[in-house]
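Asker:
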Amino acid sequence: MENLERLDPKLLGQLRHFRQEHVLRFYDVLPKDSRERLLEQLKKLDFTAIDELYRTARRKAAVPRRISPLAAIDWDAYSKEEQAQFAETGWELLRQGKIGALVVAGGQGSRLGHDGPKGTYDIGLPSGKSLFQLQAERLLRLSRLSGRSLPWYIMTSPDNHRETERFFKNYGYFGYPEDEVILFQQADLPALDMEGRLLLAEKDELRLAPSGNGEVFTSMKRTGALDDLKRRGIRWLFYYNVDNALIKIADPLFLGVVASFGHPIATKAVDKASPDEKVGTLCLQDGRPAVVEYTDIPEELKYERDATGRLAYGLGSISIHLFRTDFIERYADTPIPYHAAHKKISFFDDQGSLHAPAQPNAYKFERFIFDYFPLAEAMTVLKMRREDEFAPVKNKEGEDSPATARRLVLEQHRRWLLQAGVPSRELEGREAEISPLLSYAGEGLTPEALGQMGLSP
Ligand SMILES: CC(=O)N[C@H]1[C@@H](OP(=O)(O)OP(=O)(O)OC[C@H]2O[C@@H](n3ccc(=O)[nH]c3=O)[C@H](O)[C@@H]2O)O[C@H](CO)[C@@H](O)[C@@H]1O
């Protein structure tokens, strides 16, 4: 007991008050550095806030908002001239240095079962490029076309920051200018069991988890990334998930449309592949554009059809958003809600053995980026063709897996080659991958470039 007795009385008082003393179960027998490690973690906790999180999780669902369908603008409904004009506006914004890119890469990727940051994953393309490399090279190509590079903000979490940083350093940032790559860390939160008790991951370590991509603006502010954005005069920040193998970072077409409306937020959407697809649903909530996450959408809405027979809630969110910098600045400190997820989370029990539960046993808390949407008075929602926008890598196998993403990327490249005049017989039985350094969206496939790939127009 002697170590326990020397503990900060305030901390001990708090642990007792909030019924969290069990985290000190092994404290007395721990070596000094382990004791310090645990104390460091405990000192950072806001016990009142944690208690409130638990209460939120236990409370019955919040008052349901009035949900109604949302109509998007369809990119394909614009004429060729209009499309060209939007593209030109987008390129101009890039040339003026008004655009930044932001990838949220702090998630744990537990569904994929990859032991490392998700961006380091190689989806099995012939080139063996990782998701981060594909992204860096698309940014390089975009910069080459516009004549100007753009800052690339990368949000990591305490879980994967060091490894992500090491990866980029090892690969020389894939040739992207190092001073344009800004890594910053989000925060994490403790997981709680069904009684609201903290869990131990080790005898000297709390079980923590990254607190969701909706932490991004707060984290940018806390780490100075937001100041950096302002210093560079960035007007729009292009937000995307790390796990979309087809991501067209800072797509000029999208930028052009969004700039023409000028709303503080914009998002790209696609038709859902099926009513059950695990994507957020774009809709109106109490009259404002919003996303209802796939975990929260009421069953009856999922399958509802409109008068024309189409899914009434068939507009899927693919996590490609654009935020105006002044909106980010204004709302960075606004507390958007936490969502509690009931999960299987392993923990050290009071007897000192590690449990890997077969059933959900604990809550994890996350903020979702799209909970900022209803704060904007208006928003641009642009529907795009799915096959050129979305190849998610979520699961180890089956749907939304590395195999499906790989296929979608190679199919896109095949379409580009056919458009460039390569006869289909030349592509038979062949997997032709096009480097993003050569083409961002199908351009640049000159006879010389094709020749180098062993193809002829
Ligand atoms: C909450 C959210 O955004 N949900 C969207 C997410 O689902 P999905 O289920 O993929 O959401 P996740 O929260 O797992 O991950 C989304 C992205 O956020 C990042 N991340 C996640 C947690 C965290 O603490 N920090 C962090 O940076 C992940 O690394 C990933 O890049 O993408 C789908 C498209 O693919 C959308 O249809 C979903 O509406």
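Sequential numbering of the sequence shown, starting at 4, is according to our numbering. Here a beta-carbon is modelled for each residue, glycine too, at the ideal position from N, C-alpha and C. None of the values given here were measured: they were computed from a predicted structure.
Across the segment 425–437 and the segment 304–320, are there enough close Cβ pairs to call them in contact, namely three or more that are closer than 8 Å?
Answerer: The answer is no - the segment 304–320 does not touch the segment 425–437, with fewer than three Cβ pairs under 8 Å.
Asker: Cα-Cα, which of Phe29, Leu33, Pro340, Leu42 is closest to aspartate 11?
Answerer: Here residue 11 refers to the residue found at position 8 when the sequence shown is read from its first residue. Nearest of Phe29, Leu33, Pro340, Leu42 to aspartate 11, Cα basis: Leu42.
Asker: Got a sec? Which residues, its chain only, sit under 6 Å from serine 461 by beta carbon, not counting five neighbours each side?
Answerer: Since the first and last residues shown for the chain are 4 and 460, residue 461 lies out of range.
Asker: By the three-class DSSP mapping on this structure, what secondary structure does asparagine 398 have?
Answerer: In the sequence shown, residue 398 corresponds to position 395, counting from 1. Coil at asparagine 398, not helix or strand.
Asker: Output the boundary residues of the alpha helix (DSSP H) element that contains histidine 164.
Answerer: Position 161 of the sequence shown, counted from the first residue, corresponds to residue 164. 164–173 is the extent of the alpha helix (DSSP H) around histidine 164.
Asker: Quick one: complete beta strand (DSSP E) runs, 3+ long, within the segment 203–227?
Answerer: DSSP runs (the beta strand (DSSP E)) wholly in the segment 203–227: 203–205, 211–213.
Asker: Identify the residues that DSSP records as bridge partners of proline 193: which are they?
Answerer: Taking the sequence shown and counting its residues from 1, one reaches residue 193 at position 190. Note: proline 193 sits in a beta bridge opposite Leu211.
Asker: Which residues in the same chain have their Cβ closer than 7 Å to the Cβ of glycine 445, if we skip the five residues on either side of it in sequence?
Answerer: On the sequence shown, residue 445 is found 442 positions in, with the first residue counted as 1. Excluding residues within five positions, the ones whose Cβ falls inside 7 Å are Trp419, Gln422.
Asker: What does the alpha-carbon distance come out to for the pair glycine 227 and aspartate 353?
Answerer: Numbered from its first residue, the sequence shown carries residue 227 at position 224. Numbered from its first residue, the sequence shown carries residue 353 at position 350. One C-alpha to the other measures close to 41 Å.
Asker: Between alanine 248 and glycine 217, what straight-line distance do the alpha-carbon atoms span, to the nearest angstrom?
Answerer: Taking the sequence shown and counting its residues from 1, one reaches residue 248 at position 245. Taking the sequence shown and counting its residues from 1, one reaches residue 217 at position 214. Rounded to whole angstroms, alanine 248 to glycine 217 spans 22 Å at the Cα level.
Asker: Please classify glycine 259: does DSSP put it in a helix, a strand, or coil?
Answerer: Here residue 259 refers to the residue found at position 256 of the sequence shown. DSSP places glycine 259 in helix when its eight states are reduced to three.
Asker: Could you check whether the segment 221–237 touches the segment 147–158, counting it as contact only if at least three pairs of C-beta atoms, one from each stretch, sit closer than 8 Å?
Answerer: The segment 221–237 vs the segment 147–158: in contact.
Asker: Under a Cβ-count criterion, where at least 16 other Cβ atoms within 10 Å of its own Cβ denotes burial, should threonine 167 be classed as buried or exposed?
Answerer: Against the sequence shown, residue 167 aligns to sequence position 164. Looking at its Cβ environment, which holds 16 or more other Cβ atoms inside 10 Å, threonine 167 is buried.
Asker: Which residues in the same chain as arginine 144 place their Cβ atom closer than 6 Å to its Cβ, once the five residues preceding and following it in sequence are excluded?
Answerer: Residue mapping note: residue 144 aligns to position 141 of the sequence shown, counting from 1. Counting only Cβ-Cβ distances below 6 Å, and skipping sequence neighbours, we find Pro439, Leu440, Tyr443.
Asker: Determine the DSSP secondary structure at valine 282, reduced to helix, strand or coil.
Answerer: Stepping through the sequence shown from its first residue, residue 282 is reached at position 279. Coil.
Asker: Is it the case that the Cβ atoms of leucine 325 and alanine 272 are separated by a distance below 8 Å?
Answerer: To locate residue 325, count along the sequence shown from 1; it is residue 322. To locate residue 272, count along the sequence shown from 1; it is residue 269. The answer is no: Cβ separation not under 8 Å.
Asker: Could I get the ranges of all uninterrupted alpha helix (DSSP H) runs contained in the segment 293–362, with 4 residues as the minimum, in chain order?
Answerer: You should have 302–306, 328–334.
Asker: Are the CB atoms of alanine 104 and lysine 386 within a distance shorter than 8 Å?
Answerer: What you label residue 386 is simply residue 383 of the sequence shown in a count that begins at 1. What you label residue 104 is simply residue 101 of the sequence shown in a count that begins at 1. Not in contact: lysine 386 and alanine 104 (Cβ atoms no closer than 8 Å).
Asker: Buried or exposed: which applies to methionine 197, given that a residue is buried once 16 or more other Cβ atoms fall within 10 Å of its Cβ?
Answerer: Residue 197 sits at position 194 when you count from the first residue of the sequence shown. Per the 10 Å Cβ criterion, exposed.
Asker: For ligand 1, is there any heavy atom lying closer than 7 Å to the beta carbon of asparagine 244?
Answerer: Counted from its first residue, the sequence shown places residue 244 at position 241. Yes, the beta carbon of asparagine 244 sits closer than 7 Å to at least one heavy atom of ligand 1.
Asker: Return the first residue and the last residue of the beta strand (DSSP E) that isoleucine 480 is part of.
Answerer: Nothing about residue 480 can be reported from this structure: the residues present for the chain run from 4 to 460 only.
Asker: Going by beta carbon distance, what residues of the same chain come within less than 8 Å of arginine 141, once the five residues before and after it are set aside?
Answerer: Walking along the sequence shown from the start, residue 141 turns up at place 138. Excluding residues within five positions, the ones whose Cβ falls inside 8 Å are Ile250, Lys251, Ile252, Pro439, Tyr443.
Asker: If you compare alpha carbons, which of Ala212, His117, Arg19 is closest to glutamate 400?
Answerer: Within the sequence shown, numbered from 1, the residue matching residue 400 stands at position 397. Glutamate 400 has its Cα closest to that of His117, out of Ala212, His117, Arg19.
Asker: How far does the alpha helix (DSSP H) with leucine 453 in it extend, from its first residue to its last?
Answerer: For the purposes of this step, residue 453 is identified with residue 450 of the sequence shown, where counting begins at 1. Looking at the DSSP string, the run of the alpha helix (DSSP H) that includes leucine 453 is 450–455.
Asker: Would you kindly work out how many angstroms separate the C-alpha atoms of isoleucine 268 and glutamate 91, rounded to a whole number?
Answerer: Walking along the sequence shown from the start, residue 268 turns up at place 265. Walking along the sequence shown from the start, residue 91 turns up at place 88. Using only the alpha carbons, I get a separation of about 20 Å.
Asker: Could you check where the beta strand (DSSP E) with glutamate 369 kicks off and where it finishes?
Answerer: Locating residue 369 in the sequence shown gives position 366, counting from the first residue. Where glutamate 369 is concerned, the enclosing beta strand (DSSP E) stretches over 365–369.
Asker: Start and end of the beta strand (DSSP E) containing threonine 383?
Answerer: The count along the sequence shown starts at 1 and reaches residue 383 at position 380. It spans 382–386 - the beta strand (DSSP E) in which threonine 383 sits, taken as one unbroken run.
Asker: Scan the segment 81–152 and note each continuous alpha helix (DSSP H) run of 4 residues or more that stays entirely inside, going in chain order.
Answerer: Counting only runs of 4 or more, we get 83–98, 134–149.
Asker: Does the separation of the CB atoms of leucine 56 and phenylalanine 368 fall below 8 Å?
Answerer: Here the question's residue 56 lines up with position 53 in the sequence shown. Here the question's residue 368 lines up with position 365 in the sequence shown. Yes; because the gap between Cβ atoms is below 8 Å, this pair is in contact.
Asker: If we ignore side chains and look at the alpha-carbon of each, how far apart do glutamate 208 and leucine 201 end up?
Answerer: Here residue 208 corresponds to residue number 205 of the sequence shown, with the count starting at 1. Here residue 201 corresponds to residue number 198 of the sequence shown, with the count starting at 1. Distance between the alpha carbons of glutamate 208 and leucine 201 is about 11 Å.
Asker: Indicate whether glycine 100 and asparagine 163 have their beta-carbon atoms separated by less than 8 Å.
Answerer: The sequence position of residue 100 within the sequence shown is 97, counting from 1. The sequence position of residue 163 within the sequence shown is 160, counting from 1. It is not a contact, given that the beta carbons lie outside the stated cut-off.
Asker: Would you say the beta carbon of asparagine 398 is closer than 7 Å to some non-hydrogen atom of ligand 1?
Answerer: Locating residue 398 in the sequence shown gives position 395, counting from the first residue. Answer for asparagine 398: no, Cβ out of range of ligand 1.
Asker: Here's the rule I'm using: 16 or more other beta-carbon atoms within 10 Å means buried, otherwise exposed. How should arginine 69 be labelled?
Answerer: By 1-based counting over the sequence shown, the position of residue 69 is 66. By the 10 Å Cβ count, arginine 69 comes out exposed.
Asker: Just how far apart, CA to CA, sit glutamate 436 and histidine 358?
Answerer: Sequence index remark: in the sequence shown, residue 436 carries index 433 (1-based). Sequence index remark: in the sequence shown, residue 358 carries index 355 (1-based). Cα to Cα, the separation comes out at about 44 Å.
Asker: In the structure shown, what three-state DSSP assignment does aspartate 403 receive?
Answerer: For the purposes of this step, residue 403 is taken as the residue at position 400 of the sequence shown. Aspartate 403: coil per DSSP, three-state reduction.
Asker: Roughly how many whole angstroms lie between the Cα atoms of aspartate 31 and glycine 355?
Answerer: As a first step, residue 31 must be located in the sequence shown, where it is residue number 28. As a first step, residue 355 must be located in the sequence shown, where it is residue number 352. Distance between the alpha carbons of aspartate 31 and glycine 355: 13 Å.
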